[in-house]
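Chemist: The structure that follows is given in the form of structure tokens.
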Amino acid sequence: MTDADRYDPLSIEPPIAERWHDERTYSFDPDASGERLYALTMFPYPSGDLHMGHGEIFSIHDAFARYQRMQGKHVLNPIGWDSFGLPAENAARNRGADPREWTYANIDEQRRSMVRLGYSFDWDTVLHTSDPDYYRWTQWIFLELFSAGLAYRKEANVNWCPSCQTVLANEQVIDGHCERCDTEVVKKPLTQWFFKITDYADQLIEDLDKVEWPERVKLMQRNWIGRSEGANVTFEVADTGEEVVVYTTRPDTLYGATYFVFAPEHPLVQQKMADDDDFEAFVEDVSKRSEIERLSTDASSKRGHRLSFDMVNPVNGETIPAYAADYVLMDYGTGAIMAVPAHDQRDFDFARQQDLPIRVVVQPEDADALDAETMDEAHAGEGRTVNSGPYDGLPWQETKQRITADLADKGLGEAAVNYRLRDWTVSRQRSWGPPVPMIHCPSCGPVAVPDDELPVELPEDLDFAVDGSPLALHPTFSTDVVCPECGNEDATRDTDTLDTFVDSSWYFLRYLSPNDDEQPWPKQEADRWIPVDLYSGGVEHAVLHLLYARFVVKALRDLGHLDADEPFQRLINQGQVILDGAAMSKSKGNLVEPPEVYNEYGADTLRGTMLFASPPEDDIDWADVSPSGMHRWLSRVWRLTIEFLDDPDGETDGQAAEALEKAIHVAVDGATADFDAFKYNTAIAKMMTLTNELQEARRSGVGGRVVEDAIATLLQLLAPICPFITEELWTRLGRDGSVHETRWPQADPEMLVEENVELVVQVNGKVRGTVTVAAGADAAAMEAAARSEDNVARYLDDAEVAKVVTVPDRLVNFVVRD
RNA sequence: GGGGGUGUAGCCGAAUGGUCUAGGCACGGGUCUUAAACACCCGGAGGCUGAUGCCUCGUGUGGGUUCGAGUCCCACCACCCCCACCA
216 MTDADRYDPL SIEPPIAERW HDERTYSFDP DASGERLYAL TMFPYPSGDL
266 HMGHGEIFSI HDAFARYQRM QGKHVLNPIG WDSFGLPAEN AARNRGADPR
316 EWTYANIDEQ RRSMVRLGYS FDWDTVLHTS DPDYYRWTQW IFLELFSAGL
366 AYRKEANVNW CPSCQTVLAN EQVIDGHCER CDTEVVKKPL TQWFFKITDY
416 ADQLIEDLDK VEWPERVKLM QRNWIGRSEG ANVTFEVADT GEEVVVYTTR
466 PDTLYGATYF VFAPEHPLVQ QKMADDDDFE AFVEDVSKRS EIERLSTDAS
516 SKRGHRLSFD MVNPVNGETI PAYAADYVLM DYGTGAIMAV PAHDQRDFDF
566 ARQQDLPIRV VVQPEDADAL DAETMDEAHA GEGRTVNSGP YDGLPWQETK
616 QRITADLADK GLGEAAVNYR LRDWTVSRQR SWGPPVPMIH CPSCGPVAVP
666 DDELPVELPE DLDFAVDGSP LALHPTFSTD VVCPECGNED ATRDTDTLDT
716 FVDSSWYFLR YLSPNDDEQP WPKQEADRWI PVDLYSGGVE HAVLHLLYAR
766 FVVKALRDLG HLDADEPFQR LINQGQVILD GAAMSKSKGN LVEPPEVYNE
816 YGADTLRGTM LFASPPEDDI DWADVSPSGM HRWLSRVWRL TIEFLDDPDG
866 ETDGQAAEAL EKAIHVAVDG ATADFDAFKY NTAIAKMMTL TNELQEARRS
916 GVGGRVVEDA IATLLQLLAP ICPFITEELW TRLGRDGSVH ETRWPQADPE
966 MLVEENVELV VQVNGKVRGT VTVAAGADAA AMEAAARSED NVARYLDDAE
1016 VAKVVTVPDR LVNFVVRD
């Protein structure tokens, strides 16, 4: 073998990669007939070059897309960039970079890496969310939602990240910290645009049954939406009769309500306590506490203030004291609760702290009777109702239903459903995003920018050095406008931009016609393609992007722009690439970058290493994987092929040749099942096994057609994972065209049938030997063969066989008594 | 506090209730070589045996169901993820 025949990925890969890109080899052909498939991978944010996480997900995704093509599908496999967002602004502020130049330079770099790695993307449908001809339609969607009443403006206590200087949606607050920069989030009253995602809360739960997603992700969405069933109950202020509604999931415990609690910000409290300095001081104190402190569930951390009035319990007319306390939140339920300390831990903690009465109204059945004096925690569970007048003795669920019904009869309550989900705050006080397409007119209020004036473009001359929002502080952007309805010259533009998650909530629709300037997408194309057949990406978007995209699709459906209920039919999540158990990051200095791998071993090795490391959904610890091992195997495949081409002669029949021929079909059968199940790691293991058998067959003198079949089949199986080496060797093997355009090999069922099978022989469940019998042998034949095995016979000699268990083609088990 | 998941060689990981550990990594021994690298071959807990072999233990721990359990059931332990003063 000469040097020219060595496996040298660095010289064979780049020309093939460039050819695929330049010739648009993997662009979707709209005229193609036959079955279509939409394979979508989450588009990247261009914060720099691709990192290992991209290398993993795109390699998994590309194996899927290429496999489906070989299965005869016409695959749409688009790529684009989620190119609006804060990092570009930070680069501008910190380094004086132009956010546009910075962003598009990064896109170019990532694109070159994708080409180098051989990903079979459609380079004809590329989009960037920061292009005006993209965000023109993002703004259009905002206006569609606005005209349908699904986008609205209100003042609210919103999440504010002091570092990013912007509002965040609830979904972007992780344990009280900013999702992007990890700074502690504070609450701030601001007037903001919201999308009414809560209108779709029930559908967002129910339609999870329609999609094939990991159960884990569905569960996360259900938890996030947080549906709970209970009742709204009306209490009265003792002296004035003012009505206050509370929400409770346990109306059966109404008789146990011994006090009442308002959120400190509750308007009724604010009004009634307006002149009380002590109360003002209390509110001031509470508001100074950070979210993190408030999140503490420590029993002693609750803060409360006795109010100047009492409340009346509607079920028994009892007068109970009213408090304000920080453990009641203004934005869940009604901002006021009935407190049942015996059966709610938070109420219990507060009652003990304030020395408030505790009354047991649910008695657990399989435990000692609860005693309000001595109990040291609330009993939140089930039991029989006690101390509740006419309801005594009923099981708690029945009490719940009856009390709710009785209250409803008296007009004092009703069954109610509550959600944890809040409306989506979409305004951002940042400037590298699509401007909110609204105009504020002193006489008309908020007015939509007319369609023919879209897009509202970002000014080119934003100053990112300012302290605050560059767009808001731009000299003319806000004021250079008149009201479209009344012509008022004092009208101003909205200077907020839309959350990047708005950009990414519909990009899979824009891929269908990225250059159409008449419409965002042709409806008939959307109806043909949506939902996307397979969506691949990280689980970190479980309650962010994936929830928003589902909402936007449902809203657009209701507005008549498409028919689909859901954006993504099937979802696979890949794990993270970590190093020594920790996330890779620049600041930790533990980054392994893709070029380090593909510049040494080639792209095929990078891709193969990723897929062989573990099942896709598991994290890959780079410390545990071995690019050199993958490279060694690929070199072996290369060498076997080249050596065969040098010297193809050999036996084409006989035992070794037959064994190889069988091995081909076994590998095809197994690998196909694995590809269908996304188990690329075991698919590769089966290809390695075939390689081992091929090598052994060669050593035994096998050659000719059987070996060529084995090599060709191996190349086909490997093609979706390692596209370059397979393409090169396919050509060297003298085959026409591209291996990627061949049809996926089929296993011949007859070749999978064994003539003889090895039976396991057990005595009392312990393996005592094996014996070979003809496949399909009946129980008697199996037993006879098993008895004849020397070692087994030893165990049967002095024993009485009580029972013989036979499993066809698998085992014989003798159950014996001594 | 609530919910979900996972525990298999030194490591990553396979394993329709049927021979535990496919494939790889790492490691050790060998062949080739002046030598190394590469490549190729062999190895895998413990005990007995000169060896072929045979036996015992063994899938986080302890029980159970079963002819037979990594797999099913119960309890416990450890780790991971999601939600969390959500009434």
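Going by the numbering used here, 971 is the number at position 756 of the first sequence; the sequence numbering is gapless.
Glycine included, each C-beta is placed from N, C-alpha and C at the ideal position.
Could you tell me the boundaries of the alpha helix (DSSP H) in which GLN612 lies?
Modeler: Sequence index remark: in the first sequence, residue 612 carries index 397 (1-based). Its alpha helix (DSSP H) spans residues 611-624.
Chemist: Could you give the C-beta distance for GLN354 and VAL576, rounded to a whole number, given that I count them as a contact under 8 angstroms?
Modeler: The residue you call residue 354 lines up with position 139 of the first sequence. The residue you call residue 576 lines up with position 361 of the first sequence. About 55 angstroms; that fails the 8 angstroms criterion.
Chemist: By Cβ distance, which residues of its chain are closer than 8 angstroms to LEU948, with the 5 residues on each side in sequence left out?
Modeler: The residue given as residue 948 occupies position 733 in the first sequence. Excluding positions up to five away in sequence, the list reads THR856, LEU860, GLU923, ILE926, ALA927 and LEU930.
Chemist: Going straight from the alpha carbon of LYS1035 to that of LEU806, what length do you get?
Modeler: This structure cannot speak to residue 1035, because the chain is shown only from 216 to 1033.
Chemist: So what does DSSP say about ILE899, is it helix, strand or coil?
Modeler: In the first sequence, counting from the first residue as 1, residue 899 sits at position 684. Three-state DSSP puts ILE899 in a helix.
Chemist: I need the DSSP call for TYR253, collapsed to helix, strand or coil.
Modeler: Mapped onto the first sequence, residue 253 falls at position 38. Here TYR253 sits in strand by DSSP.
Chemist: Inspect the beta-carbon positions of SER242 and ASP337 and report whether they are closer than 8 angstroms.
Modeler: Indexing the first sequence from 1 puts residue 242 at position 27. Indexing the first sequence from 1 puts residue 337 at position 122. For SER242 and ASP337, yes; Cβs fall inside 8 angstroms.
Chemist: Using the Cβ count rule (16 or more neighbours within 10 Å means buried), how would you classify ASN292?
Modeler: Counting from 1 along the first sequence, the entry for residue 292 is found at position 77. With 16 or more other Cβ atoms within 10 Å, it is buried.
Chemist: Are there 16 or more other CB atoms within 10 angstroms of the CB of CYS379, so buried, or fewer, so exposed?
Modeler: Against the first sequence, residue 379 aligns to sequence position 164. So CYS379 ends up on the buried side.
Chemist: Taking its Cβ as the centre, do 16 or more other Cβ atoms sit within 10 Å of CYS656, making it buried, or is it exposed?
Modeler: Here residue 656 corresponds to residue number 441 of the first sequence, with the count starting at 1. Counting Cβ neighbours within 10 Å, CYS656 comes out buried, since at least 16 surround it.
Chemist: Tell me whether the region 813-823 and the region 934-953 touch, counting them as touching only if at least three CB pairs, one residue from each stretch, are closer than 8 angstroms.
Modeler: A contact exists between the region 813-823 and the region 934-953.
Chemist: With three or more beta-carbon pairs closer than 8 angstroms as the criterion, would you say the region 614-627 touches the region 443-457?
Modeler: Segments in contact, yes.
Chemist: Specify the secondary structure class of THR318 as computed by DSSP and reduced to three states.
Modeler: Taking the first residue of the first sequence as position 1, residue 318 is located at position 103. Helix.
Chemist: Can you give the Cα-Cα distance for ASP493 and GLU704, rounded to whole angstroms?
Modeler: Mapped onto the first sequence, residue 493 falls at position 278. Mapped onto the first sequence, residue 704 falls at position 489. Whole-angstrom Cα-Cα distance: 47 angstroms.
Chemist: Let me know if ALA247 comes out buried or exposed under the rule of 16 or more other beta-carbons within 10 Å of its beta-carbon.
Modeler: Here residue 247 is taken as the residue at index 32 of the first sequence, counted from 1. ALA247 comes out exposed.
Chemist: With LEU522 as the anchor, note down where its beta strand (DSSP E) starts and where it stops.
Modeler: Stepping through the first sequence from its first residue, residue 522 is reached at position 307. Segment 519-527, the beta strand (DSSP E) holding LEU522.
Chemist: Mind checking GLY980: buried by the 16 CB within 10 Å criterion, or exposed?
Modeler: As a working mapping, residue 980 is identified with position 765 in the first sequence. It counts as exposed.
Chemist: What does DSSP give as the partner residue(s) for PRO404 in the beta ladder?
Modeler: For the purposes of this step, residue 404 is identified with residue 189 of the first sequence, where counting begins at 1. Paired residue(s): ASN372.
Chemist: By Cβ distance, which residues of its chain are closer than 7 angstroms to THR694, with the 5 residues on each side in sequence left out?
Modeler: Walking along the first sequence from the start, residue 694 turns up at place 479. THR707, listed in sequence order.
Chemist: Quick one: grab the DSSP three-state call for LYS176.
Modeler: What is shown of the chain runs 216 to 1033, which leaves residue 176 out entirely.
Chemist: Exposed or buried, ASP839, counting other C-beta atoms within 10 Å across all chains shown (16 or more means buried)?
Modeler: As a first step, residue 839 is located in the first sequence; it is residue number 624 there, counting from the start. Counting Cβ neighbours within 10 Å, ASP839 comes out exposed, since fewer than 16 surround it.
Chemist: For GLN734, is the classification buried or exposed, using 16 other Cβ atoms within 10 angstroms of its Cβ as the cut-off for buried?
Modeler: The residue labelled residue 734 in the question sits at position 519 within the first sequence. GLN734 comes out exposed.
Chemist: The alpha helix (DSSP H) with GLN789 in it runs from where to where?
Modeler: Working through the first sequence from its first residue, we reach residue 789 at position 574. That residue, GLN789, is in no alpha helix (DSSP H); its beta strand (DSSP E) goes 786-789.
Chemist: How close, in whole Å, do the beta carbons of PRO259 and GLN325 come, if the pair is a contact with beta carbons under 8 angstroms?
Modeler: Here residue 259 refers to the residue found at position 44 of the first sequence. Here residue 325 refers to the residue found at position 110 of the first sequence. Yes, PRO259 and GLN325 are in contact; Cβ-Cβ is about 6 angstroms, under 8 angstroms.
Chemist: For the structure I just gave you, are there three or more beta carbon pairs, one from the region 289-304 and one from the region 766-782, closer than 8 angstroms?
Modeler: No, the region 289-304 does not touch the region 766-782.
Chemist: In this structure, how does DSSP classify VAL1031 when only helix, strand and coil are distinguished?
Modeler: For the purposes of this step, residue 1031 is taken as the residue at position 816 of the first sequence. Strand.
Chemist: Give me whichever residues DSSP pairs with THR640 in a beta bridge.
Modeler: On the first sequence, residue 640 is found 425 positions in, with the first residue counted as 1. Answer is PHE409.
Chemist: Which same chain residues, not among the five before or five after MET799, have their C-beta less than 6 angstroms away from its C-beta?
Modeler: Locating residue 799 in the first sequence gives position 584, where the first residue counts as 1. Excluding residues within five positions, the ones whose Cβ falls inside 6 angstroms are ASN805 and LEU806.
Chemist: On a Cα-Cα basis, can you pick out the residue from ASP323, LYS503 and MET526 that is closest to GLU458?
Modeler: Locating residue 458 in the first sequence gives position 243, where the first residue counts as 1. The candidate whose alpha carbon is nearest that of GLU458 is MET526.
Chemist: If the criterion is Cβ atoms closer than 8 angstroms, does the pair VAL651 and PHE893 meet it?
Modeler: For this step, residue 651 is matched to residue 436 along the first sequence. For this step, residue 893 is matched to residue 678 along the first sequence. Contact flag unset, no.
Chemist: Going by alpha carbons, who is nearest to ASP417 out of GLU444, ASP323 and SER719?
Modeler: One-based indexing of the first sequence puts residue 417 at position 202. Considering only alpha carbons, the answer is GLU444.
Chemist: Report the rounded CA-to-CA distance for GLU1061 versus ALA551, giving the unit in angstroms.
Modeler: Since the first residue of the chain shown is 216 and the last is 1033, residue 1061 is not available in this structure.
Chemist: I'd like the span of the beta strand (DSSP E) that includes ILE793, first residue to last.
Modeler: Within the first sequence, the letter at position 578 stands for residue 793. Note, ILE793: beta strand (DSSP E), 792-794.
Chemist: Please tell me whether PRO466 and THR619 are closer than 8 angstroms, where the distance is taken between their beta carbons.
Modeler: Translated into positions along the first sequence, residue 466 becomes position 251. Translated into positions along the first sequence, residue 619 becomes position 404. The answer is yes: Cβ separation under 8 angstroms.
Chemist: So, are the CB atoms of PRO831 and TYR750 less than 8 angstroms apart?
Modeler: Counting from one through the first sequence, the residue named residue 831 turns up at place 616. Counting from one through the first sequence, the residue named residue 750 turns up at place 535. In this structure, TYR750 does not lie closer than 8 angstroms to PRO831 by Cβ.
Chemist: So for TRP736, helix, strand or coil by DSSP?
Modeler: Looking up residue 736 in the first sequence gives position 521. In the structure shown, TRP736 sits in coil (DSSP, three-state: anything other than H, G, I, E or B).
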